[in-house]
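Using my numbering, read the sequence shown as starting at 10 and increasing by one per residue.
These notes concern the structure reproduced below.
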Amino acid sequence: MIRRLSVLCLALPLLWLSGCSSTPENEALKPAELLEFDASAELDKEWSTRVGDGQGGKFNRLQPVIRDGIIYAASADGEIVALRSDDGEEVWEIDVDEPLSGGVGLGDSLLFVGTPNGEVIAFDQLTGEEQWRSDVKSEVLSAPVGRYGIVVVQAFDGNIYGLDASDGSRSWRYDSSRPVLTLRASATPVIVEDTVYAGLANGREVALDLSSGQVKWEARVAIPQGESEIERIVDVNDSPLIINSELYAVSYQGRLLKMDRSSGRPAWEFKASSDGGLAEGFGNVYFSSADGSVVAVNRENGSVTWEQTQLANRQLSSPTAYDNYVIVGDFEGYIHVLSQVDGSMVAREDLGSDGIRSRILTDDGLIYVFGNDGHLVAYKIVE
Numbered sequence: 010m011i012r013r014l015s016v017l018c019l020a021l022p023l024l025w026l027s028g029c030s031s032t033p034e035n036e037a038l039k040p041a042e043l044l045e046f047d048a049s050a051e052l053d054k055e056w057s058t059r060v061g062d063g064q065g066g067k068f069n070r071l072q073p074v075i076r077d078g079i080i081y082a083a084s085a086d087g088e089i090v091a092l093r094s095d096d097g098e099e100v101w102e103i104d105v106d107e108p109l110s111g112g113v114g115l116g117d118s119l120l121f122v123g124t125p126n127g128e129v130i131a132f133d134q135l136t137g138e139e140q141w142r143s144d145v146k147s148e149v150l151s152a153p154v155g156r157y158g159i160v161v162v163q164a165f166d167g168n169i170y171g172l173d174a175s176d177g178s179r180s181w182r183y184d185s186s187r188p189v190l191t192l193r194a195s196a197t198p199v200i201v202e203d204t205v206y207a208g209l210a211n212g213r214e215v216a217l218d219l220s221s222g223q224v225k226w227e228a229r230v231a232i233p234q235g236e237s238e239i240e241r242i243v244d245v246n247d248s249p250l251i252i253n254s255e256l257y258a259v260s261y262q263g264r265l266l267k268m269d270r271s272s273g274r275p276a277w278e279f280k281a282s283s284d285g286g287l288a289e290g291f292g293n294v295y296f297s298s299a300d301g302s303v304v305a306v307n308r309e310n311g312s313v314t315w316e317q318t319q320l321a322n323r324q325l326s327s328p329t330a331y332d333n334y335v336i337v338g339d340f341e342g343y344i345h346v347l348s349q350v351d352g353s354m355v356a357r358e359d360l361g362s363d364g365i366r367s368r369i370l371t372d373d374g375l376i377y378v379f380g381n382d383g384h385l386v387a388y389k390i391v392e
């Protein structure tokens, strides 16, 4: 219970933090000390820059995104940049003069961010020129995404909106019930062909028709259990992982579930608790557990391939699978590179920031790390 409360205090909005300061000290909750190991690779810095104040002070997860050799990033204080991903040279930079809480998302030719007061703002990807604003009436913590003329936005109140990409007008809305207590995040929807896939705070995964918002199927990823509202938190807190006909989703205090993408029918389940997302490689699905373990689960049968426990309670980012590696960041700003084969430590680097909350990106032989304090750094892994 103490472990769960500790994680919750880090994730809930500030108005709930007053009751968290009295959490008792407990040796089991202290972050693991980093152990020495024989590194078989190292991270060489290629370039670095600074993007505003980064994640700010409200546990945002503003996520950079890469397309066609350009990396786009935004900060909580309203700065948005487009940089060349190979050398970090600036393409454009703007300041929206107001706080940001969700993004960055991309459409066919637009870039999207969300604000704490419920606005979705669209910009031209090439120039950064603002195109339109749309009000969804609730804080936007996830990245809006667009395809085929529709922009999909998941708001913090649990509702999912389809907006017209030409002007931001509302095309449809999907309403979902939101529990009394949730983690401070919303899963970014994924669009595949004509379907929107999204994880919800009530522990469900839903598939919606992109053009109409009509429900194609709903599936229960986790069932709330326990007597208290804290024990019953089961957020599906990140995007589903989709591989061909397979869909994988993981929840907090619930399970990792493999489903059929077309029907939502489960194939297998694995008991898990994670407030982040998934990665895949070497026939495995990877997740960062709420207790700080990095776990590899076999895609075919749901069995554990390996589990790395040396990073206990270090508040890990979602994992990224790249080449032979699984990469995560932690609350002190360390980048940990693990082997996809057995989870052993391969390399470690200190970003020197106030922690790493966003997922680490990869593109064309480089990895990109966005620190909570706004440092954006490109590295190359050298063996």
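Using N, Cα and C, we set each Cβ at its ideal position, and we do this for glycine too.
| query | What did DSSP end up calling L38 once you bin it into helix, strand or coil? | reply | It is helical.
| request: Alpha carbon to alpha carbon, how far is R229 from A194? Give it in angstroms, no decimals. | output: So the alpha carbons of these two residues sit roughly 19 Å apart.
| request: Compute the beta-carbon to beta-carbon distance between G212 and V245, rounded to the nearest angstrom, for a pair I have assumed lies under 8 Å. | output: Here G212 really is in contact with V245; their C-beta atoms are around 6 Å apart, less than 8 Å.
| task | May I have the straight-line CA-CA distance separating E128 from V303, to the nearest angstrom? | result | Rounded to the nearest angstrom, the gap between the Cα atoms of E128 and V303 is 35 Å.
| message | Per DSSP, what are the beta-bridge partners of D372 in this structure? | response | Answer is L375, bridged to D372.
| Euclidean distance between Cα positions of L190 and I239 | Linking L190 to I239 through their CA atoms gives a straight-line distance of about 7 Å.
| Excluding the five sequence neighbours on either side, which residues of its own chain have a C-beta within less than 7 Å of the C-beta of W5, listed in chain order? | Residue 5 lies beyond the stretch modelled for the chain, which goes from 10 to 392, so this question has no answer here.
| Same chain, Cβ closer than 6 Å to I376, neighbours up to 5 away in sequence not counted | Only I369 and Y388 meet the Cβ criterion.
| For N333 and D372, the rounded distance between their alpha carbons | The straight-line gap from Cα to Cα measures roughly 14 Å.
| task | Can you grab the Cα-Cα spacing for the pair A48 / G286, in whole Å? | result | Taking the straight line from one Cα to the other gives about 27 Å.
| Nearest neighbour of N253, chosen from N35, P188 and E202 [CA to CA] | The candidate whose alpha carbon is nearest that of N253 is E202.
| query | In the structure shown, what three-state DSSP assignment does K280 receive? | reply | Here K280 sits in strand by DSSP.
| query | Nearest to L360 by alpha carbon, out of D77, I80, V346 and V378? | reply | Ranked by Cα distance from L360, the options D77, I80, V346 and V378 are led by V378.
| task | Determine the direct distance from the alpha carbon of E358 to that of V386, and round the result to whole angstroms. | result | So the two alpha carbons sit approximately 12 Å from each other.
| With distances taken from CA atoms, which of F68, A83, V160 and E36 is nearest D104? | The residue from F68, A83, V160 and E36 with its alpha-carbon nearest to that of D104 is A83.
| query | Roughly how many whole angstroms lie between the Cα atoms of G383 and Y343? | reply | About 15 Å.
| query | With 16 other CB atoms within 10 Å as the buried threshold, where does A216 fall? | reply | Around the CB of A216, 16 or more other CB atoms lie within 10 Å, so the residue is classed as buried.
| request: Return yes when the Cβ of A91 is within less than 8 Å of the Cβ of G398, no when it is not. | output: Residue numbering for the chain in the displayed model covers 10 to 392; residue 398 lies beyond these limits and cannot be assessed.
| said: So the candidates are S362, F46, P40 and A37; which of them puts its Cα closest to the Cα of G352? | reply: The residue with the shortest Cα to Cα distance from G352 is F46.
| query | Within 10 angstroms of its Cβ, does L44 collect 16 or more other Cβ (buried), or is it exposed? | reply | With fewer than 16 other Cβ atoms from the protein chains shown falling within 10 Å of its own Cβ, L44 counts as exposed.
| task | Please classify Q234: is it buried, with 16 or more other beta-carbons within 10 angstroms of its beta-carbon, or exposed? | result | It counts as exposed.
| When you compare only the Cα positions, how much space is there between E316 and V149? | So the two alpha carbons sit approximately 34 Å from each other.
| query | Which same chain residues, not among the five before or five after G374, have their C-beta less than 7 Å away from its C-beta? | reply | So the list reads K389, once near-sequence residues are dropped.
| field | Option in F279, R323, Y81 and T204 with minimal Cα separation from D300 | value | Relative to the Cα of D300, the nearest Cα in the group F279, R323, Y81 and T204 belongs to R323.
| Rounded straight-line distance, which links the Cα of K39 to that of P33 | Summary for P33: the model assigns pLDDT 42, below 50, so the residue's position carries little reliability; its value from the coordinates is reported in the next sentence. Put simply, the backbone Cα of P33 is about 11 Å away from that of K39.
| query | Terminal residues of the continuous beta strand (DSSP E) containing F296? | reply | N293 to S297 is the extent of the beta strand (DSSP E) around F296.
| Of the listed residues A164, S271 and A258, nearest to F296 (C-alpha basis) | Among A164, S271 and A258, the Cα nearest to that of F296 is on A258.
| task | Determine the burial state of R76: buried for a count of at least 16 other Cβ atoms within 10 Å of its Cβ, exposed for fewer. | result | Result: exposed.
| message | One question on the structure: do L192 and Y261 come within less than 8 Å of each other, judged by their Cβ atoms? | response | Their beta carbons are under 8 Å apart, which means L192 touches Y261 by this criterion.
| said: For Q317, list the residues DSSP reports as bridge partners. | reply: Note: Q317 sits in a beta bridge opposite V303.
| said: Need the endpoints of the beta strand (DSSP E) that R59 sits in, please. | reply: Unbroken beta strand (DSSP E) run through R59: E51 to R59.
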